[in-house]
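In mature numbering (1 follows the signal peptide of the UniProt record, and there is no 0), the protein residues as written are -24 to -1, 1 to 404.
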């Protein structure tokens, strides 16, 4: 028998539940905007997309992201009079939401799930300061760039006490005559090709000189002039190779278009890349631009974008050079330098691993066997054993093998697959 107090309690509970559900539903007000979606090649189209989890305050602020302009702390209003700013804000909000969904649903990252709201700054030209948040614009101005910023605060002795959380910055686009401003560092195909063959060529000539000298010692009767002539040829070959390598450093401008520009807030893969930095910032600091950190962010950006040529030009928004997930570039210690953080070697190494694990998983599926591994999980788990000092040769490869030992169904087969990938990319 149901008593009156029980009926009243049940009604009260039901009322509170329905009220709570209504409030939860009302706290978000989705809104539709046009955003950039890539099509084939360097083409694109503006597609209407609904922005989810927006607060009901008529701005680009939601539970996950707050889009602001430059150093402002106020979210950009839907009523802003600048149509270009509105377009950027909508595009960034949408693609960051796509990226976060991937990290939650595919990677199942607990770290990403617990992230607080991220402030996203558009059209910011200031450089980052780890003690003041921003450097004065008079000291340094930035264009055509994007950064992920770590949380921080001003020092205890500072007069103005400031705190900030993790942020993503997108600087404005500006056409720069890069051939005049570039400081050559060897980022061109001729120099990089010469670097790869320099050591084998020089080592070969050195070995030949040593054997020639030993032969002359063993047989002093050898024609001195012929021996000397042969030695000079080999020394000349070494000198020419060294000179070519040094000279080719200054050929970067030969491989550049006259003008360079990229509107980073409009390029989907750049947005995915920056969120990947945030998603792995529990171990890999976002302010360090090194090949391992950049390459891992490239990999996850490519997983979301499902494109072979990443960051490729988009007419009117970017004439950026692409990074190829299937690049045939082979390993060389030269690639470890921070100046090669934009190389596609690490991306192609990780993507080669994905290709080989996909093949192995398909073969095992035909035999009704469980998959060898979830390769995305291997790459993600590898970052737990890496930091901004990790290199490719030892840090990245060792972390991948360790992650496979923990999660591969068949550790030997998994590690053998990884080692085959490393060897195929020139890492013997």
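Beta carbons are placed, not taken as given, at the ideal position from N, Cα and C, and that holds for glycine.
Which of helix, strand or coil does DSSP assign to residue 62? On the chain shown, position 86 is the one that residue 62 refers to. Helix.
Suppose the cutoff is 6 Å on Cβ atoms and the five residues either side in sequence are ignored; what does the same chain contact list for residue 338 look like? Position 362 of the chain shown, counted from the start, is the residue given in the question as residue 338. So no residue of the chain qualifies.
Segment contact flag, the region 245 to 260 with the region 22 to 39, C-beta cutoff 8 Å, min 3 pairs: no
Would the region 293 to 305 and the region 266 to 285 be scored as touching if the rule is three or more Cβ pairs under 8 Å? yes
First and last residue of the uninterrupted alpha helix (DSSP H) at residue 244: Counting from 1 along the chain shown, the entry for residue 244 is found at position 268. Counting along the chain, the alpha helix (DSSP H) containing residue 244 begins and ends at 244 to 255.
Thinking residue 405 and residue 318 are a contact (beta carbons under 8 Å), I'd like their distance in whole angstroms, please. Shown here, the chain extends from -24 to 404; a query on residue 405 therefore has no answer.
Going by alpha carbons, who is nearest to residue 289 out of 212, 16, 7 and 11? On the chain shown, position 313 is the one that residue 289 refers to. The residue with the shortest Cα to Cα distance from residue 289 is 16.
Segment contact flag, the region 358 to 372 with the region 334 to 349, C-beta cutoff 8 Å, min 3 pairs: no
Enumerate in chain order the residues of its own chain whose CB-to-CB distance from residue 66 is below 6 Å, with the five nearest sequence positions on each side excluded. Position 90 of the chain shown, counting from 1, holds the residue named residue 66. Result list for residue 66: 9 and 11, in chain order.
Let me see if you follow: with CB-CB separation under 8 Å, is residue 371 close to chain C or not? Among the protein chains of the structure shown there is no chain C, as only one such chain exists.
Can you name the residues that DSSP bridges to residue 406? Outside the displayed span of the chain (-24 to 404) sits residue 406, for which this structure offers no information.
Which residues in the same chain have their Cβ closer than 8 Å to the Cβ of residue 125, if we skip the five residues on either side of it in sequence? In the chain shown, counting from the first residue as 1, residue 125 sits at position 149. Hits under 8 Å: 104, 140, 142, 143, 144, 145, 262 and 263.
Closest to residue 73 by CA distance: which of 225, 61, 93 and 315 is it? Translated into positions along the chain shown, residue 73 becomes position 97. Selected option, being the one with the closest Cα: 93.
Nearest neighbour of residue 277, chosen from 82, 40, 133 and 64 [CA to CA]: Counting from one through the chain shown, the residue named residue 277 turns up at place 301. Here the closest residue by C-alpha is 82.
Taking just the CA atoms, how far does residue 371 sit from residue 365? Within the chain shown, the letter at position 389 stands for residue 365. Within the chain shown, the letter at position 395 stands for residue 371. Their Cα atoms are separated by approximately 8 Å.
Using the Cα positions of residue 6 and residue 53, report the straight-line distance between them to the nearest angstrom. To locate residue 6, count along the chain shown from 1; it is residue 30. To locate residue 53, count along the chain shown from 1; it is residue 77. Looking at the two C-alpha atoms, the distance is approximately 14 Å.
Tell me the rounded alpha-carbon separation between residue 314 and residue 368. For the purposes of this step, residue 314 is identified with residue 338 of the chain shown, where counting begins at 1. For the purposes of this step, residue 368 is identified with residue 392 of the chain shown, where counting begins at 1. C-alpha separation (whole angstroms): 12 Å.
Here's the rule: buried if 16 or more other CB atoms are within 10 angstroms of the residue's CB, otherwise exposed. What is residue 212? By 1-based counting over the chain shown, the position of residue 212 is 236. Classification for residue 212: exposed.
Which same chain residues end up closer than 7 Å to residue 62 when comparing Cβ atoms and leaving out the 5 residues on each side of it in sequence? As a working note, residue 62 is residue 86 in the chain shown. The answer, listed in chain order, is 56.
What does residue 95 pair with, by DSSP beta-bridge criteria? Start at 1 with the first residue of the chain shown, and residue 95 comes out as number 119. Bridge partners of residue 95: 42 and 143.
Please work out which residues of its chain come closer than 7 Å, Cβ to Cβ, to residue 275, disregarding the five sequence neighbours upstream and downstream, and give them in chain order. Numbered from 1 along the chain shown, position 299 holds the residue referred to as residue 275. Here the set comprises 323, 326, 327 and 355.
Contact set for residue 373: own chain, Cβ-Cβ below 8 Å, skip 5 residues either direction: For the purposes of this step, residue 373 is taken as residue 397 along the chain shown, with counting starting at 1. Same-chain partners within the cutoff: 394, 398 and 403.
Can you give me the C-alpha to C-alpha distance between residue 405 and residue 321, rounded to a whole angstrom? Since the displayed the chain opens at -24 and closes at 404, residue 405 lies outside it and no answer follows.
What's the call for residue 42, buried or exposed, on a 16-neighbour Cβ count within 10 Å? One-based indexing of the chain shown puts residue 42 at position 66. Under this definition residue 42 is a buried residue.
Please name the residue, chosen from 273, 267 and 291, that lies closest to residue 257 on a Cα-to-Cα basis. As a position in the chain shown, residue 257 is number 281, starting the count at 1. Ranking 273, 267 and 291 by Cα distance to residue 257 puts 273 first.
Report buried or exposed for residue 32, applying the criterion of at least 16 other Cβ atoms within 10 angstroms of its Cβ. Along the chain shown, one-based indexing puts residue 32 at 56. Flag for residue 32 reads exposed.
Would you kindly work out how many angstroms separate the C-alpha atoms of residue 111 and residue 223, rounded to a whole number? The residue given as residue 111 occupies position 135 in the chain shown. The residue given as residue 223 occupies position 247 in the chain shown. C-alpha separation (whole angstroms): 36 Å.
Cutoff 7 Å; reference residue 88; Cβ partners in own chain excluding five residues on either side: The count along the chain shown starts at 1 and reaches residue 88 at position 112. 76, 79, 80 and 255, listed in sequence order.
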